[in-house]
Amino acid sequence: MYAQIKSILYGAIPTDWDAAQIIVGYIVLLITLLVFRQSIKAWWAFLPVLIVGLLIEIADMVLLGQAIGTAARDLVLFTILPLVTVFAFRMGWTK
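Counted from 1, the sequence shown has number 73 at position 64 by our numbering; the numbering is strictly sequential.
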């Protein structure tokens, strides 16, 4: 069932799985910012992205038998854009 839900979710994004993970990670960041009405400069806004990414990859390893290396790569893909975005705003690189 988990694999079917994940397939439907990532299938709704018209791109490959790796790009879909990047997009979903960024969507989690945006939802976090909207729900809690906080600044994108807040480091804690990245925490839900990390938690969701870890939960997805743990489920992938346990339920789908995914290798640790693949899970680590997927976690990096899931979290990289939100992390760079929060960091860029914190450093003042954006206006």
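Positions of the beta carbon are idealized from the N, C-alpha and C atoms, including for glycine.
On a predicted model such as this, the values are computed, not experimentally measured, just so you know.
{"Asked": "Nearest residue (CA-CA) to residue 58, options 76, 32 and 20", "Found": "32"}
{"Asked": "Cβ neighbours of residue 97 in the same chain (closer than 6 Å, five flanking residues each side left out)", "Found": "103"}
{"Asked": "Touching by the beta-carbon criterion (3+ pairs, under 8 Å), the segment 79-92 and the segment 54-68", "Found": "yes"}
{"Asked": "Exposure of residue 132, with buried meaning 16 or more beta-carbon neighbours within 10 Å", "Found": "Only positions 10 to 104 of the chain appear in this structure, which leaves residue 132 out of reach."}
{"Asked": "Delimiting residues of the alpha helix (DSSP H) encompassing residue 26", "Found": "26-45"}
{"Asked": "C-alpha gap between residue 38 and residue 55, whole angstroms", "Found": "7 Å"}
{"Asked": "Span separating the alpha-carbon of residue 19 from that of residue 94", "Found": "22 Å"}
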